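S.K.: In our numbering, the protein residues as written are 196 to 251. All C-beta atoms in this analysis are idealised placements derived from N, C-alpha and C, irrespective of residue type, glycine included. This structure is a prediction, so every number in the text was calculated from the model and none was measured.
(1) State the Cα-Cα distance for the pair residue 224 and residue 248, rounded to the nearest angstrom.
(2) What did DSSP end up calling residue 222 once you bin it into helix, strand or coil?
(3) Nearest to residue 221 by alpha carbon, out of 250, 205, 246?
(4) Compute the distance between the beta-carbons of residue 229 and residue 244, then report whether it is under 9 Å.
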């Protein structure tokens with residue numbers, strides 16, 4: 196509401212800024228969280244992991 200855009204317009208603008216031309220799916224966030232909670236991720240700590248589809 197603060198930008199004057201509709202939800203569809205805001206989503207389209209976010210997609211356009213992403214190199215993969217898409218929004219990150221909730222399942223991708225879930226998969227990353229599960230990896231971080233599972234075996235093999237013990238050495239990962241104090242990191243910011245960005246799920247941005249290549250966006251800088």
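M.R.: Taking the structure as given:
(1) Within the chain shown, the letter at position 29 stands for residue 224. Within the chain shown, the letter at position 53 stands for residue 248. Their backbone Cα atoms lie some 12 Å apart in a straight line.
(2) The residue given as residue 222 occupies position 27 in the chain shown. The answer is helix: DSSP assigns residue 222 an H, G or I state.
(3) On the chain shown, position 26 is the one that residue 221 refers to. Per the Cα distances, 246.
(4) In the chain shown, the residue the question calls residue 229 occupies position 34. In the chain shown, the residue the question calls residue 244 occupies position 49. Taking 9 Å as the cut-off, the Cβ atoms of residue 229 and residue 244 do not count as close.
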